[in-house]
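Residue numbers (our numbering): 181 to 391.
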């Protein structure tokens with residue numbers, strides 16, 4: 181695991197990790213499956229044999245995708261040690277990395293689907309593009325970004341803390357910087373999906389253009 185961490189990484193790996201794990205332990209599984217089926221509606225699921233989640237926490241999405249895409253091999257990147265230990269002992273995973281997305285070194289162009297869910301919002305806007313580059317490199321087909329949306333990067337106070345959550349148009353940033361096509365995009369309204377862990381998130385589904 182990396183030694184030199186920025187402000188956001190220090191917060192999520194040390195100061196707040198225990199509370200965050202607890203809050204992510206209770207959710208509506210069936211509603212979560214419904215949410216993922218909506219996100220994947222425009223995707224050819226038969227093409228997804230390998231999946232990488234960048235920022236897995238305790239593996240809520242891994243559990244859901246084991247239902248939605250049961251035959252696919254799952255891998256994770258998770259920066260905080262406690263949730264990393266939990267997800268790796270709970271689920272059968274192909275590859276795992278305990279550290280930041282930027283510091284990770286997995287095989288490029290290997291995963292049929294690479295995704296984030298509520299992860300880029302916790303990365304400083306100045307470093308988002310570098311993280312996206314890794315996400316793009318790891319995928320050989322689909323990329324899904326599911327985050328809080330705002331037309332411009334905006335810092336939102338998070339449980340009394342500043343510089344820990346940033347809303348942005350992550351989809352626009354991604355499509356303007358990487359060679360992808362837009363497959364789908366949508367919104368999971370928190371009024372319906374909050375109990376599943378999708379609280380007013382905008383999702384973008386991209387496919388890498390074949391060279």
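Even glycine gets a Cβ: it sits at the ideal position worked out from N, Cα and C. The model shown is predicted, which means the values in this text are computed figures rather than measured ones.
Among the options, nearest to residue i - alpha-carbon criterion
i, options, result
"residue 230", "241, 325, 255, 310", "255"
"residue 357", "311, 338, 282, 304", "311"
"residue 258", "364, 299, 333", "299"
"residue 282", "226, 316, 238", "316"
"residue 220", "261, 301, 367, 371", "367"
"residue 245", "303, 375, 370, 210", "210"
"residue 288", "303, 224, 313", "313"
"residue 307", "227, 375, 353, 218", "353"
"residue 292", "284, 285, 251", "251"
"residue 227", "217, 249, 301, 336", "249"
"residue 342", "284, 285, 302, 370", "302"
Cβ-Cβ distance between residue i and residue j below 8 Å
i, j, result
"residue 215", "residue 373", "yes"
"residue 355", "residue 389", "no"
"residue 222", "residue 385", "yes"
"residue 382", "residue 327", "yes"
"residue 346", "residue 305", "yes"
"residue 331", "residue 349", "yes"
"residue 240", "residue 340", "no"
"residue 336", "residue 296", "no"
For residue i, the three-state DSSP class (helix, strand or coil)
i, result
"residue 369", "coil"
"residue 283", "coil"
"residue 299", "coil"
"residue 364", "strand"
8 Å CB neighbourhood of residue i in its chain, flanking five on each side removed
i, result
"residue 274", "230, 253, 254, 255"
Same chain, Cβ closer than 7 Å to residue i, five either side skipped, listed in chain order
i, result
"residue 242", "233, 236, 254, 256, 267, 271"
"residue 290", "230, 318, 320"
"residue 387", "321, 322, 360, 361, 363"
"residue 375", "207, 208, 211"
Span of the alpha helix (DSSP H), counted from its first residue to its last, around residue i
i, result
"residue 354", "350-357"
"residue 244", "240-248"
"residue 258", "Per DSSP, residue 258 belongs to no alpha helix (DSSP H); it is in the beta strand (DSSP E), 253-258."
Unbroken beta strand (DSSP E) run spanning residue i, endpoints
i, result
"residue 277", "276-278"
"residue 320", "319-327"
Cβ neighbours of residue i in the same chain (closer than 6 Å, five flanking residues each side left out)
i, result
"residue 269", "none"
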